[in-house]
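**Student:**
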């Protein structure tokens, strides 16, 4: 999995600013930059950038791989709740290797693998100098694609399964967009916890292929949005208890239908709105069924833990343990070289493409 | 306030079943009964009933006054989440005086005032034998109308102000249907806690009269539903912090607008749905603003405390203290004799009638 890392590491002196034009070209840091908000295909440009000064607290990181997540696209479009100052480097997730550290840096050393500790780092680039506190060290035995896709989706899945309802073996969870990055992580983490998953996906060409793939990941039940609304769902609940937790990445009818299936006093957590429709709850569900409607945003959670990093590092350890035990794998990925970013961006925005696009540097 | 109680108490032998027709007529228990669900005007009948046996654990209660609440109407219509077995006696709230107790009854004695400890008691009647555990003793110095209207609306207001957000002096709360029984209690209880109230009401003939009445109760701000949607609301929030708690008895647009004004991480509690429209929340409010949507039902809360009555009695004590200090009054009431129940029922179902209809026995 770490193939190629040695090559990247041996690519020559790396701290030279782009302005000093006398050195050989290949080491020059490149980044996917946007100077204004707009459609990624229009506004993203692969540019040479100067590398920041290492100073005392800087960490020079050679990026290895970075995924394209829906929130990355929304940030570039300018429609997300968190926007970077412009010009900005795209990407919020990924894994890199430490090349050199400043004299005051104590938690990292050359050769360590690191992931962003927070959103907004700009991971779609070959190299950067980040400050130590923006990075989290990863154990050295995690596969590259798992490492590159660890800090957003599996963390979101883990927190949503842990923080809203006290779930244990035999309980069930329902989720829509079950084939998303978060959805796949939910299937696996819930599986490791002994929690049954009811997974809702949109009907599509080659539906059975996706059903088989999610089942292979450990999905207990996979149903389509259309089936969700049918009375036949009653049959399902002869086999599995009604869910105490619903995870909603869609909104609109899909969310309302999941709400209808929740147990009394259950919780629906919304973490996305793919249908671009609000969440609608019958008054009776709130009053008489006592369901709770909540939201979750990993970026905010990380901000809230800024002065208590133990919960974050503890969660990363737990997720790495699951990876080592083979209970949590990376989502289906397509690796694309950074220079071919336009292919990756285009593919990431197509409907019904389940594979995550990963830029490799 | 206790005028007439002595007269009622002196009305002759009360435990005699209706079947023994030899005794004088006035003592015969009468009740507003419905044998099928439907419009109250069609299905309610004032009937003579036999009084149950006192036995060891029975408490013979002479009802003094009982309000007509919207949920009473919905129960009769058959549209409420809690329905009594038919035939049933209407009414869930009210105050009565203990006339006689069974030999095993320890917590009550003749002369005590009692209120229902739970929903479904059937309070629209002159007399009944209830079991001891269905009743709560009230301190003897509470005005009749306060006592008759204590067990549902002020309790709902108190719990919603206490159980969802930790509020303190200087915080603010927004509520719609602010002139409802619960709404008036919210204004007063929040006022006693030093919490500012933003009170939303529907526009109506004689609006100023209602504004003045709510202001006299202690409402800090009274606005109409139309004003709620206007940008001028910004001016209001120069004077008062944005609310951490919204109390929703309406649903639809009104709820969505209140949600928009909530502070980050604030809670909206739904306890009614007068607009007969669901609660709709933008996905972004849930994810990025981290607002929480909850529901509250006093009946369920009481059920949940069935094995721990201390919280219920503690709350009643607290509310009685507020009544004694003049910080919590009964809602505006119109007292109607039980025999004229049709007038009271009709008035209770009219729009824009703010006075609560109270049946007096």
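Residue numbers (our numbering), protein chains in the order written: chain A, 1 to 361; chain B, 1001 to 1361. Even glycine gets a Cβ: it sits at the ideal position worked out from N, Cα and C. Nothing here was measured: the structure is a model prediction, and the numbers come from that model.
What in chain A is Cβ-close to residue 1118 of chain B, meaning under 9 angstroms?
**Tutor:** Neighbours of residue 1118 of chain B on chain A: none; closest Cβ ~16 angstroms, over 9 angstroms.
**Student:** Alpha helix (DSSP H) containing residue 327 of chain A: first to last residue?
**Tutor:** Note, residue 327 of chain A: premise wrong, no alpha helix (DSSP H); not H, not E.
**Student:** Taking only beta-carbon atoms, is residue 345 of chain A less than 8 angstroms away from chain B?
**Tutor:** Chain B, which has no Cβ nearer than 8 angstroms to the Cβ of residue 345 of chain A, makes this no.
**Student:** Near residue 118 of chain A, which residues of its chain fall below 7 angstroms by C-beta distance, leaving aside the five closest residues on each side in sequence?
**Tutor:** 134, 302
**Student:** Tell me the rounded alpha-carbon separation between residue 1360 of chain B and residue 1127 of chain B.
**Tutor:** Looking at the two C-alpha atoms, the distance is approximately 12 angstroms.
**Student:** Under 8 angstroms, Cβ to Cβ, is there at least one residue of chain B near residue 25 of chain A?
**Tutor:** With a pLDDT of 43 at residue 25 of chain A, under the threshold of 50, the modelled position of this residue cannot be trusted; read the value that follows with caution. Answer no: the Cβ-Cβ gap between residue 25 of chain A and chain B never drops below 8 angstroms.
**Student:** Report the start-end ranges of each beta strand (DSSP E) in the stretch 1169 to 1238 of chain B that is 3 residues or longer and not cut off at the edges.
**Tutor:** 1172 to 1175, 1196 to 1201, 1221 to 1224
**Student:** At which residues does the beta strand (DSSP E) containing residue 1098 of chain B begin and terminate?
**Tutor:** Annotation for residue 1098 of chain B: the continuous beta strand (DSSP E) segment containing it runs 1095 to 1101.
**Student:** Is the beta carbon of residue 82 of chain A sitting closer than 8 angstroms to the one on residue 120 of chain A?
**Tutor:** yes
**Student:** Quick check on the burial criterion: 16 or more other C-beta atoms within 10 angstroms. Buried or exposed for residue 1207 of chain B?
**Tutor:** The residue is exposed, with fewer than 16 neighbouring Cβ atoms inside 10 Å.
**Student:** List, in chain order, every chain A residue whose beta-carbon is nearer than 8 angstroms to that of residue 1300 of chain B.
**Tutor:** Close partners of residue 1300 of chain B in chain A (Cβ separation under 8 angstroms): 288, 290.
**Student:** So, are the CB atoms of residue 1031 of chain B and residue 1098 of chain B less than 8 angstroms apart?
**Tutor:** no
**Student:** Assuming residue 952 of chain B contacts residue 1274 of chain B under a Cβ cut-off of 8 angstroms, what Cβ separation, rounded to an integer in Å, is found between them?
**Tutor:** Within the shown structure, residues of chain B are numbered from 1001 to 1361, placing residue 952 of chain B beyond reach of any answer.
**Student:** If the cut-off is 8 angstroms on Cβ atoms, which residues from the stretch 1162 to 1177 of chain B count as contacting chain A, listed in chain order?
**Tutor:** none
**Student:** Applying the criterion that 16 or more other CB atoms from any shown protein chain within 10 Å of the CB defines a buried residue, is residue 1343 of chain B buried or exposed?
**Tutor:** With fewer than 16 other Cβ atoms inside 10 Å of its own Cβ, residue 1343 of chain B counts as exposed.
**Student:** Could you compute how far the alpha carbon of residue 142 of chain A sits from the alpha carbon of residue 216 of chain A?
**Tutor:** 21 angstroms
**Student:** Can you tell me whether residue 311 of chain A is buried or exposed? The criterion is at least 16 other CB atoms within 10 Å of its CB, across all chains shown.
**Tutor:** Classification of residue 311 of chain A: exposed, given that the 10 Å Cβ count is below 16.
**Student:** Taking a Cβ distance cut-off of 7 angstroms, strictly less, list which residues of the stretch 271 to 282 of chain A are near chain C, in chain order.
**Tutor:** Considering every chain present, this structure includes no chain C. Its protein chains are A and B.
**Student:** Taking 7 angstroms as the cut-off, is the CB of residue 186 of chain A close to at least one heavy atom of the ligand FMN?
**Tutor:** The ligand FMN is absent from the structure shown, which contains no ligand whatsoever.
**Student:** In its own chain, which residues sit with a C-beta less than 7 angstroms from the C-beta of residue 1157 of chain B, not counting the 5 before and 5 after it?
**Tutor:** Hits under 7 angstroms: 1182, 1185, 1186, 1189.
**Student:** At 9 angstroms on the CB atoms, spell out the chain A contacts of residue 1296 of chain B, in chain order.
**Tutor:** In chain order: 286, 287, 290.
**Student:** Between which two residues does the beta strand (DSSP E) harbouring residue 1142 of chain B extend?
**Tutor:** It is not in any beta strand (DSSP E) - residue 1142 of chain B carries neither H nor E in the DSSP assignment.
**Student:** Quick check: what's the CA-CA separation for residue 255 of chain A versus residue 248 of chain A?
**Tutor:** Their backbone Cα atoms lie some 6 angstroms apart in a straight line.
**Student:** Going by C-alpha distance, which of B/1212, B/1115, B/1201, B/1093 is nearest residue 1258 of chain B?
**Tutor:** Cα-wise, what sits closest to residue 1258 of chain B is B/1201.
**Student:** Closer than 8 angstroms by C-beta to residue 1041 of chain B: which residues in its own chain qualify, once you throw out the five before and the five after it? Chain order, please.
**Tutor:** Correct list, in chain order: 1342, 1345, 1346.
**Student:** Identify whether residue 34 of chain A lies in helix, strand or coil by the three-state DSSP scheme.
**Tutor:** strand
**Student:** Answer yes or no: does any C-beta atom of chain B fall closer than 8 angstroms to that of residue 83 of chain A?
**Tutor:** Residue 83 of chain A is outside the set of residues whose beta carbon lies under 8 angstroms from a beta carbon in chain B.
**Student:** Between residue 293 of chain A and residue 283 of chain A, is the Cβ-Cβ spacing less than 8 angstroms?
**Tutor:** Contact: no.
**Student:** Quick check on residue 1293 of chain B - is its C-beta less than 8 angstroms from some C-beta in chain A?
**Tutor:** yes
**Student:** Going straight from the alpha carbon of residue 1180 of chain B to that of residue 1288 of chain B, what length do you get?
**Tutor:** 32 angstroms
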